[in-house]
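Residue numbers (the working numbering): 1031 to 1195. Virtual Cβ for every residue (Gly too), placed ideally from N, Cα, C.
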Ligand code: FES
């Protein structure tokens, strides 16, 4: 697949992005176990690894697409969908759920037009619903990027999220 074809299939795969990715491939291709380092750098460059890029990597590295897909879906660090500039994690583990975290998630979905696992149209936020953030004593808990917010109410949520542009 050429860079041009890739760009037509997925406008995130610009010639500049692909130039960087080719450099990553070039640097790693002769190393044993090159797949994970290549995927890690692709994830850092683009923020996700779309299926068109998986096919390209499969061709260039001569690794079956199913093996690439397997690695990406196994490690939570990798994503197949674009990520927002900020990642919201709402906890729906037992302690948080008991404190109404599902209402917090519903509020975010309605207010920002986003689904769990999805991204806002302006790519400002990604939303993930998680099982426990390890801060049950602060339930209900939400994280935005690396910041943890505990004992939050629906009123707090909008104020918090407005800090992340
Ligand atoms: S259940 Fe939410 S932090 Fe543990």
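Taking the C-beta atoms as reference points, residue 1111 is found no nearer than 8 Å to residue 1134.
In this structure, the C-beta of residue 1171 approaches ligand 1 to less than 7 Å from one of its heavy atoms. For residue 1142, the number of other beta carbons within 10 angstroms of its own is at least 16, and it is reported as buried. Bridge partners of residue 1172 according to DSSP: 1120, 1179. Going by C-alpha positions, residue 1045 is about 34 Å away from residue 1192. Distances between the C-beta of residue 1163 and the heavy atoms of ligand 1 include at least one below 7 Å. Of the heavy atoms belonging to ligand 1, at least one sits nearer than 7 Å to the Cβ of residue 1166. A straight line joining the alpha-carbon of residue 1068 with that of residue 1036 spans about 18 Å. Placement of the Cβ of residue 1130 at a distance of 7 Å or more from every heavy atom of ligand 1 is found.
In chain order, 1154, 1155, 1174, 1175, 1194 place their CB closer than 7 Å to the CB of residue 1116, counting only its own chain and leaving out the 5 sequence neighbours on each side.
For residue 1124, the shortest C-beta to heavy atom distance toward ligand 1 is below 7 Å. Under the criterion of beta carbons closer than 8 Å, residue 1163 and residue 1178 qualify as touching, at roughly 7 Å.
According to the DSSP secondary-structure assignment, residue 1155 is paired through a beta bridge with 1116.
Leaving aside the five residues that flank residue 1031 on each side, the residues in its chain whose CB is nearer than 7 Å to its CB run, in chain order, 1085, 1086, 1089. For residue 1107, there is no enclosing alpha helix (DSSP H), as DSSP marks it with neither H nor E. When C-alpha distances from residue 1093 are compared across 1038, 1062, 1077, the shortest belongs to 1062. Counting only residues of its own chain and dropping the five nearest sequence neighbours on each side, residue 1103 has a CB closer than 8 Å to the CB of 1110.
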